[in-house]
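Engineer: Here the sequence shown stands for residues 1 to 534, numbered as in our numbering.
Below: one structure in structure tokens.
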Amino acid sequence: MKMQSFTMHHHLAFLLLFSAPLVAFVMSTPENFQQCLSLHSENTTAISKLVYTPINSSYSSVLDITIQNLRFLTPSAPKPLLIVTPLHVSHVQAAITCSRRYGLQMRIRSGGHDYEGLSYLSKVPFVIMDMVNLRSIAVDVEDETAWVQSGATVGELYYRIAEKSKTLGFPAGVCPTVGVGGHFSGGGYGTMMRKYGLAVDNVIDAQLVNAQGRLLDRESMGEDLFWAIRGGGGGSFGVVVSWKVKLVPVPSTVTVFTLLRTLEQHATKLVHQWQLIGNELPNDLFMRVILQSSNSGPNGTRTMEASFNTLYLGGVDALLEVTRSSFPELNVTRQDCTEMSWIESILYFAGFSGEPLEVLLNRSSNTKLYFKHKSDYVKEPIPKSGLEGMWERFFEEDVGVAQMIWNHYGGRMSEISESALPFPHRAGVLYKIQHLTSWTDGGDEVASKHVSWIRSFYSYMAPYVSKSPREAYINYRDLDIGTNNVEGDTGYKQASAWGKKYFKNNFDRLVRVKTAVDRGNFFRHEQSIPPFSF
Numbered sequence: 001m002k003m004q005s006f007t008m009h010h011h012l013a014f015l016l017l018f019s020a021p022l023v024a025f026v027m028s029t030p031e032n033f034q035q036c037l038s039l040h041s042e043n044t045t046a047i048s049k050l051v052y053t054p055i056n057s058s059y060s061s062v063l064d065i066t067i068q069n070l071r072f073l074t075p076s077a078p079k080p081l082l083i084v085t086p087l088h089v090s091h092v093q094a095a096i097t098c099s100r101r102y103g104l105q106m107r108i109r110s111g112g113h114d115y116e117g118l119s120y121l122s123k124v125p126f127v128i129m130d131m132v133n134l135r136s137i138a139v140d141v142e143d144e145t146a147w148v149q150s151g152a153t154v155g156e157l158y159y160r161i162a163e164k165s166k167t168l169g170f171p172a173g174v175c176p177t178v179g180v181g182g183h184f185s186g187g188g189y190g191t192m193m194r195k196y197g198l199a200v201d202n203v204i205d206a207q208l209v210n211a212q213g214r215l216l217d218r219e220s221m222g223e224d225l226f227w228a229i230r231g232g233g234g235g236s237f238g239v240v241v242s243w244k245v246k247l248v249p250v251p252s253t254v255t256v257f258t259l260l261r262t263l264e265q266h267a268t269k270l271v272h273q274w275q276l277i278g279n280e281l282p283n284d285l286f287m288r289v290i291l292q293s294s295n296s297g298p299n300g301t302r303t304m305e306a307s308f309n310t311l312y313l314g315g316v317d318a319l320l321e322v323t324r325s326s327f328p329e330l331n332v333t334r335q336d337c338t339e340m341s342w343i344e345s346i347l348y349f350a351g352f353s354g355e356p357l358e359v360l361l362n363r364s365s366n367t368k369l370y371f372k373h374k375s376d377y378v379k380e381p382i383p384k385s386g387l388e389g390m391w392e393r394f395f396e397e398d399v400g401v402a403q404m405i406w407n408h409y410g411g412r413m414s415e416i417s418e419s420a421l422p423f424p425h426r427a428g429v430l431y432k433i434q435h436l437t438s439w440t441d442g443g444d445e446v447a448s449k450h451v452s453w454i455r456s457f458y459s460y461m462a463p464y465v466s467k468s469p470r471e472a473y474i475n476y477r478d479l480d481i482g483t484n485n486v487e488g489d490t491g492y493k494q495a496s497a498w499g500k501k502y503f504k505n506n507f508d509r510l511v512r513v514k515t516a517v518d519r520g521n522f523f524r525h526e527q528s529i530p531p532f533s534f
């Protein structure tokens, strides 16, 4: 049994976080919860090894290992009363049943990348459903499909596809440690988005356990719920155990380049021009811009760097024809470009060029940082004066802390209706901005400084981005734009303050689906879809 002794110091420190009734719960419930799991699981093998409580010696390591934002990896952060790591679908079903029985809220974690920590934090007594053991991937090359469980990472998915085929790929994200469950639930995009759309644009079936503990597939859940889970955000409708995806063709050779330009090398002009050409570029071309300040100006002065980070689904000759005709100002040369396979481009964009493909199987390959991020959508080019104002504000922040990543839209993204899936940011979007602040030193004072800066910068950007609503991307969660009442009911008006920004008019349909499938609001968090109040 895993109820091993834990140091009295840590045990008491944990208990001090809770009131007397909860202390009694912590002391008495774990064994009852395990008995409940055994009672309701078809597969009862070693149930005790699937449940971690604060008195387990492994509790902290299991909790902390996939927490990506160091702001939430602190002794004072709320901790779960239990962590359940299911090995079988019946364990998921049982955990839902038992969480309801004991009045616990549930947080569902795949990769731990939630920007606000909503997959592993709560202000009320909660249990974490950690999907880490449910990560099998079955690739069917002949059918050009794959079943992937929610606990897998996108890196594991890419690796398993490449293991079977050199001419198939999948259009998901560039960070290989991101969990499939959360990534797909919010949409999921990557370097092939202009060619094939989002990850969820290529999901064709799913298996979900609902609030009643029933296992459903696309046919039995119905098209409304199947629509909602493909972009409506994680943690609202149930636990998606696995996804069936349609794989996409990739050429045997792709081409990449990254060109860095400073202000002294006309970065402002190039960034302005980049905004104008996005919708004219071929769908095979993905060119994002990464913006940050540095001390690489004359005599070590502050300047801005713009990195044009590019994938072309084809060879270098065809790419050079495109850049010469569409973006001659960038002056891309053959020497700037590298031909490689699609799977090698995954390593390139993840920062692992030259490393063995097996690095994609390492769930802890990324460096953990303290961070606060935001998002925006741009529908009209930002004038040069606006860009110059951005640079000035970047110079007010520490070097290397602030960054922006701009991703062209257009292509396939513009061809899909904004109501086809909950993700509504389609035709009319020039590009998406991810605003980032990341730092390495802890402490509330340091965090306050950097968070204040990004909030101020976000305010500066208001005239230049989408309006009514100011749109945001659900997978870049931002509690600054609004939250629910986790401890009580949340009205439609309160939730729509943030919901319309993520989903626009699709929010109303999401609320209707939620009301139909989880009227009791078992699956809830600070930005989960609420049911209508009756």
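Yeah, the Cβ is synthetic: ideal placement off N, Cα and C, and Gly gets one too.
The structure displayed is predicted, hence computed values, not measured ones.
(1) For residue 519, name the three-state secondary structure that DSSP assigns.
(2) Using only the alpha-carbon positions, how far apart do residue 264 and residue 292 sit?
(3) Among 224, 236 and 287, which has the Cα closest to the Cα of residue 255?
(4) Assess contact between the region 184-194 and the region 466-479, defined as three or more Cβ pairs (one per stretch) separated by less than 8 angstroms. Is contact present?
(5) Reducing DSSP to helix, strand and coil, say where residue 249 ends up.
(6) Do residue 72 and residue 104 have their C-beta atoms closer together than 7 angstroms?
(7) How far does the beta strand (DSSP E) with residue 193 in it extend, from its first residue to its last?
(8) Using the DSSP secondary-structure output, state which residues sit across from residue 126 in a beta bridge.
(9) Taking the alpha carbon of residue 311 as the reference point, which residue from 420, 171 and 210 has its own alpha carbon closest?
(10) 7 angstroms is my cut-off, CB to CB: does residue 414 come that close to chain C?
(11) Relative to the alpha-carbon of residue 399, which residue among 313, 151 and 297 has its alpha-carbon at the smallest distance?
(12) Report, in whole angstroms, the separation of the C-beta atoms of residue 69 and residue 117, which I expect to be a contact under 8 angstroms.
(13) Are the beta-carbon atoms belonging to residue 416 and residue 197 less than 7 angstroms from one another?
(14) Is residue 35 buried or exposed, if buried means 16 or more other CB atoms sit within 10 Å of its CB?
(15) Ignore the nearest five residues each way along the sequence and tell me which others in residue 47's own chain have a CB closer than 6 angstroms to its CB.
(16) Here's the rule: buried if 16 or more other CB atoms are within 10 angstroms of the residue's CB, otherwise exposed. What is residue 199?
(17) Restricting to Cα atoms, I'd like to know which of 499, 134 and 53 is closest to residue 89.
(18) Consult DSSP for residue 330 and reduce its assignment to one of helix, strand or coil.
(19) Identify the continuous beta strand (DSSP E) that holds residue 305 and give its terminal residues.
(20) Near residue 124, which residues of its chain fall below 8 angstroms by C-beta distance, leaving aside the five closest residues on each side in sequence?
(21) Out of curiosity, what's the CA-to-CA distance linking residue 74 and residue 326?
(22) What do you get for residue 164, buried or exposed, if any count of 16 or more other CB atoms within 10 angstroms of its CB means buried?
(23) Using the C-alpha atoms, what's the distance from residue 113 back to residue 339?
(24) Taking Cβ positions, are residue 121 and residue 78 nearer each other than 7 angstroms?
(25) Let's test the definition: count the other Cβ atoms within 10 Å of the Cβ of residue 7 and tell me whether it reaches 16, buried, or not, exposed.
(26) Cβ atoms of residue 369 and residue 294: under 7 angstroms apart, would you say?
(27) Between the alpha carbons of residue 522 and residue 444, how many angstroms are there, rounded?
(28) Once DSSP output is grouped into helix, strand and coil, what is the label at residue 352?
(29) Could you give the first and the last residue of the continuous beta strand (DSSP E) run that contains residue 413?
(30) Is residue 323 helix, strand or coil when you go by DSSP?
(31) To test your reading of the DSSP string, which unbroken alpha helix (DSSP H) runs of 4 or more residues are found completely within the region 216-269?
(32) Express the C-alpha separation of residue 234 and residue 109 in angstroms, rounding to a whole number.
(33) Would you decide whether residue 321 is buried or exposed? Buried here means 16 or more other CB atoms lie within 10 Å of its CB.
Structural biologist: In brief:
(1) Residue 519 sits in coil when the DSSP states are folded into three classes, being neither helix nor strand.
(2) 14 angstroms
(3) Here the closest residue by C-alpha is 287.
(4) Verdict: yes, contact present.
(5) strand
(6) no
(7) It is not in any beta strand (DSSP E) - residue 193 instead sits in the alpha helix (DSSP H) that spans 193-196.
(8) 105
(9) Here the closest residue by C-alpha is 171.
(10) Going by chain labels, chain C is absent from the structure shown, which holds only one protein chain.
(11) 297
(12) 6 angstroms
(13) Cβ distance < 7 angstroms, so residue 416 and residue 197 count as in contact.
(14) By the 16-neighbour rule on beta-carbons within 10 angstroms, residue 35 is exposed.
(15) 34, 37 and 38
(16) When all chains shown are included, residue 199 counts as buried.
(17) 134
(18) Residue state for residue 330 is assigned as helix, using DSSP reduced to three classes.
(19) Residues 303-312.
(20) 105, 486 and 487
(21) 49 angstroms
(22) exposed
(23) 31 angstroms
(24) Yes.
(25) Per-residue confidence for residue 7 stands at a pLDDT of 37, beneath the threshold of 50, marking its modelled position as unreliable; the derived number appears in the next sentence. Result: exposed.
(26) No; because the gap between Cβ atoms is not below 7 angstroms, this pair is not in contact.
(27) 33 angstroms
(28) coil
(29) From DSSP, residue 413 is part of no beta strand (DSSP E) but of the alpha helix (DSSP H) over 412-415.
(30) helix
(31) 218-221 and 223-229
(32) Each residue's alpha carbon lies about 9 angstroms from the other.
(33) exposed
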